[in-house]
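Residue numbers (full-length UniProt numbering): 1 to 406.
Listed below in structure tokens is the structure:
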């Protein structure tokens with residue numbers, strides 16, 4: 001694949017790059033020009049094509065699949081893999097992509113995180129060269145939709161020890177039995193990467209499982225009040241037969257699974273910052289327009305206090321996630337670095353979306369004003385890709401040398 005140092009198309013004047021006002025210290029200016037150009041084009045696309053539909057989709061708890069062709073044409077998918085990247089790019093750029101997506105909608109950012117970070121990441125990290133060449137381009141283009149099946153009904157934070165889905169060798173095939181829960185995209189994906197424990201030696205391995213394989217069923221989880229656009233599913237695997245060629249050839253222990261999660265955890269931290277910014281920008285816009293006591297509420301000290309605390313949280317979080325992605329680019333990032341970024345950014349996000357809702361008074365709970373969606377979606381971002389408590393223990397072990405895991 002021939003790479004250029006520039007995006008496929010330069011941004012027009014209408015999509016010229018400018019630093020977000022909510023990027024108070026101008027961290028975006030650290031990006032090289034070609035990454036700024038790509039980011040400006042993505043921002044323009046999201047504003048024109050995605051933002052107008054997300055409130056309606058959130059209310060109906062449906063994914064707006066009509067956005068997928070356009071979304072997959074953006075400089076988003078597969079940008080970290082040689083088989084699919086269209087120009088040279090950094091982990092910092094890919095973090096800003098996650099931020100921009102979540103700034104508009106955290107569910108759309110989660111779709112991308114599952115497709116790009118988890119499904120493609122599993123194949124990119126643990127697949128053979130042949131598997132990478134076959135599957136990554138199809139997933140990057142959107143020709144195929146992917147999902148990632150690790151979490152189970154009785155196993156979440158303890159996946160390393162508690163995985164119950166079993167893979168039993170049968171000649172040239174494997175037979176999978178078990179169940180998965182909270183699997184994003186799985187109600188409409190074409191393939192799902194299923195992680196299972198081998199019956200013979202107890203080690204964890206992964207499989208690229210077409211969703212139409214007999215014995216594979218995915219049922220939508222209803223009544224969610226966070227990330228309602230994301231189509232999470234309960235998956236049941238009953239005698240699902242998968243050929244050895246669809247087993248991830250470099251997935252031999254749970255360490256290989258963890259390597260995939262290591263790549264995505266920092267980007268979830270970036271998405272948390274984006275969700276914070278989406279709420280903050282909506283509250284700031286409202287505060288400048290809403291009149292009380294004869295002047296905009298933005299002129300009141302208490303409202304300014306809420307907004308100033310919010311921009312402080314956002315700025316500190318951008319600094320942390322920028323540095324952790326720089327460390328990934330430099331090959332110095334460790335598990336505890338990504339864990340701290342995820343724990344910190346999501347905790348600050350929870351505060352920020354609450355302050356944004358508070359600044360809007362009663363209108364803060366109305367979907368039309370956007371903050372309610374960012375407020376509710378924050379709860380899921382706070383929990384997935386490692387809860388605050390689990391990430392805290394990863395950091396705690398690194399700084400004390402003592403493991404506090406049960």
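Heads up, the beta-carbon is just placed ideally off N, CA and C, and yes, glycines get one too.
C-beta contact flag for residue i and residue j at 8 angstroms
i: residue 122; j: residue 248; result: yes
i: residue 196; j: residue 207; result: yes
i: residue 40; j: residue 377; result: no
i: residue 391; j: residue 348; result: no
i: residue 315; j: residue 93; result: no
i: residue 95; j: residue 260; result: no
i: residue 282; j: residue 371; result: yes
i: residue 81; j: residue 146; result: no
i: residue 381; j: residue 223; result: no
i: residue 299; j: residue 356; result: no
i: residue 87; j: residue 34; result: yes
Residue i to residue j span [Cα, whole Å]
i: residue 399; j: residue 389; result: 15 angstroms
i: residue 325; j: residue 171; result: 43 angstroms
i: residue 14; j: residue 43; result: Note that residue 14 scores a pLDDT of 49, beneath 50, so its modelled location is shaky; the value from the coordinates is reported in the next line. Spanning the two alpha carbons is a distance of roughly 11 angstroms.
i: residue 402; j: residue 328; result: 25 angstroms
i: residue 289; j: residue 297; result: 8 angstroms
i: residue 151; j: residue 181; result: 6 angstroms
i: residue 97; j: residue 220; result: 28 angstroms
i: residue 176; j: residue 244; result: 12 angstroms
i: residue 184; j: residue 148; result: 7 angstroms
i: residue 21; j: residue 63; result: 29 angstroms
i: residue 240; j: residue 215; result: 5 angstroms
i: residue 336; j: residue 394; result: 6 angstroms
First through last residue of the alpha helix (DSSP H) which encompasses residue i
i: residue 255; result: 254-289
i: residue 371; result: 371-383
i: residue 391; result: 388-400
i: residue 346; result: 335-359
Residue i versus the options, residue with shortest Cα-Cα distance
i: residue 57; options: 229, 184 and 108; result: 229
i: residue 218; options: 244, 203, 186 and 193; result: 186
i: residue 61; options: 278, 231 and 297; result: 231
i: residue 317; options: 333, 351, 225 and 295; result: 351
i: residue 257; options: 302, 70 and 385; result: 385
i: residue 83; options: 213, 140, 293 and 357; result: 140
i: residue 396; options: 173, 375 and 340; result: 340
i: residue 359; options: 35, 302 and 190; result: 302
i: residue 250; options: 153, 381, 276 and 129; result: 129
i: residue 73; options: 252, 49, 55 and 90; result: 49
Boundaries of the beta strand (DSSP E) in which residue i is found, first to last residue
i: residue 167; result: 166-170
i: residue 23; result: Here residue 23 belongs to no beta strand (DSSP E), and DSSP marks it neither H nor E.
i: residue 213; result: Where residue 213 is concerned, there is no enclosing beta strand (DSSP E), given that its DSSP letter is neither H nor E.
Integer Cβ distance of residue i from residue j, believed to fall under 8 angstroms
i: residue 227; j: residue 110; result: 6 angstroms
i: residue 163; j: residue 204; result: 6 angstroms
i: residue 271; j: residue 338; result: Actually they do not touch by this definition, with Cβ atoms about 13 angstroms apart.
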